[in-house]
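Below: one structure, written as structure tokens.
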């Protein structure tokens, strides 16, 4: 814990040297003398040399100071040596079959590397001395950490150090080579690296290749990202070098587990190295030493190539001390983008880890579902539940069945099997898919999920070719693609009747609040034009969707807008206790036919209620009314509810104001997230049964109990939008933009999703916006392209390495045009008997997605503190298991992270610090509930940016460049007061203006002459005709376009009141609400891991 | 006798009163031996063109329990300016305004010819009449169209300041707001849920008289006391709106699947109508006019389920206790009727459908509130259209022939007590010294409420003589009864009509002749019939018949002249001679016989029987038959099968039906087209004569009777054949093959047989 608190800003890996110190100092820093820490760090850092040396120190503890120096010195030399070592490492890797072995050596190199970091000698020295010198808190902190760790590390250090270092080294090799060439002493790293690569690769490749990742390139990219920050130069070089290597051998495993950031603290530098190597090797990256080790890993793992690329970064780390030494999300993202963003991701191969969500890539469907539809926490599943338990890595898939695709990718083919309907396995009912095995000359097929042998119906019969494949395999999407759709037959329809086209019902609060804010007028005006853009299917000329209108305060007003009427008819239903729909004919109408009446109605609504004094509203009856209307019309549909206040009118679902901040941090805190009454759940169930999806737009001025109100949208697959203190002038654009998108987006209605798995695993838990009446069927009244369902799997039997594991997600839904369809997504995963394989094929972003949802659901039932502890524990277990089983033996003081999971701590920390799990004083109960439910159906990309916001400097990149500027890490340290930054997390968008931004820039962007004249809190940038203004506005627009919700811009000036708000999103820093800084948390995590290991 | 007949007629014309006995037996014991109770038929608002209302208020007896109105029977001391109440003998001071009173300067109410007098009360705010249309939309298209037109037409007939409201119902119930521009607005209620008046008013936003509005414009509510009732608006303000609204009225849009009845929420619609008026205009004249085209099929008051395969209850089901919904529905409508009555509103039911519409269950709504009940086959018939139109006819003063919210207060001199009343009224439960413990009809009170009445509404009021045998009334003593009717005239004035009558007491022993002679057998028949029908509502048919028979036999025993055990010697005096015949036809009437009638029809017939005046009632009991022939002018003939002759045209008026029946020969002639030949113009005239007469009856009758034009052998001839006395049937062969009359295929006994039996029983000493 101390660690966390102490956490001073830690440099990113990029600056390896600083980092190391940083770690030690930081974590410990808080504590005592930097000296002590330093030593340990030293130990860490210099995995190799350091370790060796340090161990003793660590043991002694006292020596910190001395330790430090040694470290530094050691490092310096080592650094060089390290490089050399890297090279060696690589070599070792290559040759050494066993990871550990390699690692060991690697680790040593690392140690040396770090120190050595010949490149940044200066820095190193400081480190060494750090404790003493200004270097700083970071270093200090690092020192401290190390200190804490130190004791252990040292001892282990000796032993472990080497291994880890080796591993990392191996990884680094390639990278290092690259990197080396770049910034730092190219000489050492590069040369070494290069040398290594060449050698290593071949060797590695042989073994690793098996994995078959062809695209070494991809591996490469990642590495770069890692390195990027650190040593761009190197990275470049690295990549080239590494790639070759990779190509040759590793491709298969390209993914190389980014493994290991070994070096806990001292380690930072190592960390870097580890990472790089780590990737390749996959295993441990000890922070400091890691690098060294990595190489080793690399070798063991075929993945080496990828690592290689990653390794690039490693070189950098060594040099700096600061936070840059710890794994940087920015770096990882950047690397992946560079390495994997260029070539399409082809899904033909089982168990491939797709590029990160932040990477822009194309997908070619060759039999597995695109990662846009399904992402897994791991693409390599342990064969046994024991292994899975040991690893504690959740096995989960994040499924977005109706994900929208970029225009370059074709949407799933629709297959029509006529009256017989889709072909399915008789026993498990799985749908025909590419994995089904045709036998007996094509007369039968064996189900790939349950092994049942089924007859092929005559009309489906086709001969097999010599490979046992059906001759028509490539003519049939269901035999060749991962994702496709079937037209459903009447058997798949409710009541055995084909559904009628769905309907949209707009239900507008017309109580005093809604009228006063101008919301009703705005909304009615917008609806007039928006109704022309209802979703339509394919090339349909007009949407099949019918619309209806309801207004309400404490009574409901239905409108008859039948086309034959001269004027609309209003029907008031005041019997809110027992809701019903007063009319059938004329309520739901075709927009074009009834346009005149609708327009007249929308014109009149604001007038009719202009003088209202009614402040009370109802809620449950409104939804009930919509649901009943759909029921009466016998169709599915969606309600758009525009609501302003806590429903206190006498009616079912009446709510009390129960907001009580005193409950925070008590056992009763969970009640704040729970609905007040059961009425909402009951209603939601009825809605689901009817296929009635509810989208809720809230415009609260005060507490409205989002936790309760959002129950129905949540369970019906709807969305909640919240515009606190809505004012037309300020929030109009945001609201209208959200509304437009929400109305226009393609939705599937009345859906049922079922996830089938091959024998051995089973879907056991589901997260998202839906309802489940049994344990297998996910029922969604509505499902749009933004909604995601996260599914957790558990073993119920042994898996087979050869056959792997299959997932089939089948979604039965009604399209916008009222067509009943089945969308099928198939995904094949590998199975492994080695934990290392698991760790090498993980995806941290998905893991975080799962863990966040798990935790956010947990707060409903457990105290928040318990939830946080569970998360930390699980994370520690995951990492400890890795350390124990996969990382090469190294000092216990080394923090060794799997390459693929090296961002786990930073991301997890963001989750822990999030408003739901650790609310700040300014966060309202409603906000927490709102965020909680939002996250529940977020996809991986959304959670990624939500938890770790993007921070983009505006003036760094050349003004002509059209691409997004490279992001920087979310820490105040990264902000330069002479620059401006955009920060976005998918919900919020800030423009931070440094106090000493050039006047010209201010002028050209804000049209005012000086910084002081900029209006704080500004939400719109003036439209100015100059390149900078255009560029910034363009950038803002493009950011908004990437997100499913419109982000309202807030301009924040440095040193302004609003800055507090902004700083809340600098997630690597310590937060006001008590959230740990990245560095502190990392230290804490390390401590936890060590505890587990001991 | 002539004198008594004249007396009776005169009294009826002046006071609208017909007593069963016009000389009263002076003791309780003897009165009970008279068999037919002392009772009267009172037509409270009998039209008196010659009686202009006086413009002041009545003078009341000051005794709080009496409060009788000053009348010609009171003794007046002109010098002391005192008058003695003739009911309680309280001496009262005349009010100051009567200061100038003297023998030669009498106020109208003291003049004998003003035994009935009408006072106009100027006090109190006048509230407009209210007409609330409750319209079923589950109709066939043309039916609905016809109804819409009728309703639109009716707007032009209403007084311009009358308030109108519109409620439509089908599966849902919609209360229409009438003063909306640009958008038509209505409040909708679920048709399956009963709501309390409070809930209804809450939901219609009536309880808080638009609080915001008050805040905004605090003065207005006072200026417009009715501003808050958006649902009831003056005709002149919204007739265009309402006409459009009615024009746009659509059939109930909810789909009705094959084999189902439309869901019709009559019960809730009525409940809402009642609740709406209850909340907004209690105790002012209002008509709720229910137009329905079928039985209520859901919610409270449902009469039959929506499954067509299960038919609506029949008498058979009711006897077998198989009518599932009847009790509950009846209870619902009774509750509504009582509430409505308490508010002084009335409910009309216009039910037009080929099948039953649940009048049996709903009858109390009209019965208890004095509303109309109209039954027809379709809204698209002249029967409905003209009946409906006739509701809005005006009298010689240009006022509607309707009055609202009446209370009838009956006061008797102390030898008499009030046993009860039968008619379109509810008890106000006012106990008093003149209320008898024995109830006949609606008893236990001296006041009744009649929420809606018209000039022909007639109540049967039953009395009990309580004078003890041992306290004889002195010779020449007179008993008095005063009927005080407070009501709201259709011109919205409050009025009071006071009728005071007196009759001589007579000692039965010594003056039986007088009493006999003063027997009004027509009134007695109707009054007994009302009692019988009243009993029939709650008792088994056969019991009622037995009771009637016993009464008849006892009457014959009492007043017949005969030798014991010698039926042939039996004679009845003239004043009793027709009575048995009335009873014979009454026994066969649809009021007591349910065979061949649906429960709805029975209810319909009984409803009208209980409110029509004596003449109409007699027609109902014993239809009138006129015969047209070349032999002379039209003549009334016996309601007997022997009157059905080949060369006659018969016109029968049963009140509910007008039947024109062409005898066999006439029919053949007509078929041959003689009426079109110039030389047979007299035949043409003969054919035309009954048509003209029928038109005359049709014009005057409310509700419009069913008009049936048939001929010998025509299927509709059954209406005639079922009514005539079956003197010739296939059973009594002696008439068979003869020229006269037509045999009726029935096993019913003929009048002759009936009389024979009666005589036998009357002279038998066994009873």
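Residue numbers (the numbering used here), protein chains in the order written: chain A, 13 to 1106; chain Y, 5 to 771.
Glycine included, each C-beta is placed from N, C-alpha and C at the ideal position.
Bounds of any beta strand (DSSP E) do not take in residue 670 of chain Y; it lies within the alpha helix (DSSP H) bounded by 668-676. Nearest CB-CB separation between residue 659 of chain A and chain Y: not below the 7 Å threshold. At a cut-off of 7 Å between C-beta atoms, residue 609 of chain A does not count as an interface residue with respect to chain Y. Sequence-ordered contacts of the stretch 236-265 of chain Y with chain A read 248, 252, 254, 257, 258 and 259 [C-beta pairs closer than 9 Å].
For residue 368 of chain Y, the enclosing alpha helix (DSSP H) covers residues 363-373. Here residue 971 of chain A is exposed. Its C-beta has fewer than 16 other C-beta atoms within 10 Å. For the pair residue 1065 of chain A and residue 963 of chain A, the Cα-to-Cα distance works out to about 15 Å. Listed in chain order, the non-local C-beta contacts of residue 720 of chain Y below 6 Å within the same chain comprise 712 and 714, local neighbours out to five positions each way being set aside.
Proximity of chain A to residue 138 of chain Y at the Cβ level (cut-off 7 Å) is not reached, the minimal Cβ distance being about 17 Å.
Excluding sequence positions up to five before and after residue 644 of chain A, its CB lies within less than 6 Å of the CB of 593 and 596, all in the same chain and listed in chain order. Within the stretch 481-538 of chain A, the alpha helix (DSSP H) runs of at least 4 residues that lie entirely inside it are, in chain order, 489-492 and 524-528.
Among the CB atoms of chain A, one or more fall inside 7 Å of the CB of residue 186 of chain Y. Beyond the five residues adjoining it in sequence on each side, residue 614 of chain A comes within less than 6 Å, by CB distance, of 536, 539 and 540 in the same chain, given in chain order. For residue 580 of chain A, the neighbours in chain Y by C-beta distance under 9 Å run, in chain order, 186, 187 and 188. In its chain, beyond the 5 residues on either side, 290 and 349 have a beta carbon closer than 6 Å to the beta carbon of residue 281 of chain Y. Neighbours of residue 595 of chain A in chain Y, taken as residues whose beta carbon is under 7 Å from its own, are 257 in chain order. Remark: C-beta atoms of residue 477 of chain Y and residue 154 of chain Y do not approach each other more closely than 7 Å. Per the C-alpha coordinates, the member of Y:414, Y:449 and Y:456 positioned closest to residue 428 of chain Y is Y:456. Between the stretch 792-802 of chain A and the stretch 689-708 of chain A there are three or more inter-stretch CB-CB distances shorter than 8 Å, so the stretches are counted as touching.
The distance from the Cβ of residue 778 of chain A to that of residue 759 of chain A is about 20 Å, inconsistent with a contact at the 8 Å cut-off. Between the alpha carbons of residue 1077 of chain A and residue 756 of chain A lies a distance of about 31 Å. For a cut-off of 8 Å, the C-beta gap from residue 370 of chain Y to residue 379 of chain Y is around 11 Å, too long to register as a contact. With respect to chain A, the C-beta atom of residue 176 of chain Y has a partner C-beta closer than 7 Å. The beta-bridge partner set that DSSP reports for residue 393 of chain Y is empty. Listed along chain Y, the residues sitting closer than 7 Å to residue 592 of chain A by beta-carbon distance are 194.
Taking the beta carbon of residue 585 of chain A as reference, the chain Y residues within 7 Å of it are 192, listed in sequence order. Residue 854 of chain A and residue 618 of chain A have their alpha carbons spaced roughly 54 Å apart. Within chain A, the residues whose beta carbon sits less than 9 Å from that of residue 208 of chain Y are 584 and 586, listed in sequence order. Using a Cβ-Cβ cut-off of 7 Å, residue 616 of chain A counts as an interface residue toward chain Y, since at least one Cβ of chain Y sits closer than that to its own. With respect to residue 967 of chain A, residue 991 of chain A sits close: the two C-beta atoms are nearer than 7 Å. With respect to residue 774 of chain A, residue 789 of chain A sits apart: the two C-beta atoms are not nearer than 7 Å.
Between residue 918 of chain A and residue 1090 of chain A, the C-beta spacing is below 7 Å.
For the alpha helix (DSSP H) assignment, the uninterrupted runs of no fewer than 4 residues enclosed by the stretch 29-61 of chain Y are, from N- to C-terminal side, 32-37. Rounded to the nearest whole angstrom, the C-alpha separation of residue 1056 of chain A and residue 371 of chain A is 17 Å.
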